[in-house]
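Written out below as C-alpha cells is the structure these notes cover.
Residue numbers (the UniProt record's numbering): 1 to 68.
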C-alpha cells in the first residue's frame, strides 16, 4: 500500500495504529471546533446533525455539554 504524505503503511502496524489514534484525536478536535463555530454562526442542531450524518437530537446530546 502506498504511503499518503507521511501516513505509515499497514505493513508497519505499530506506526500505522499510532497514526490512527492521532488522526482520531485530531478529527475529534476539528469536529468540536466546527460545531462550536456553527453554533456561533446560528446553525440549528438539525443543520449540524445533517452535516455530521446524525440526527439533530444526537448532535445536541453529543455537543451541548461541551458548549457550556
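Positions of the beta carbon are idealized from the N, C-alpha and C atoms, including for glycine. Remember, predicted model here, so these are calculated numbers, not experimental data.
Here DSSP, grouped into helix, strand and coil, assigns residue 48 to helix.
Under the three-state reduction of DSSP output, residue 36 falls in the helix class. For residue 66, the enclosing alpha helix (DSSP H) has its first and last residue at 56–67.
Around residue 49, the same chain offers 55, 56, 58 and 59 as residues with beta carbons nearer than 7 Å, after the five sequence neighbours per side are excluded. Residue 35 counts as buried, since at least 16 other C-beta atoms from the protein chains shown sit within 10 angstroms of its C-beta.
Under the three-state reduction of DSSP output, residue 41 falls in the coil class, being neither helix nor strand.
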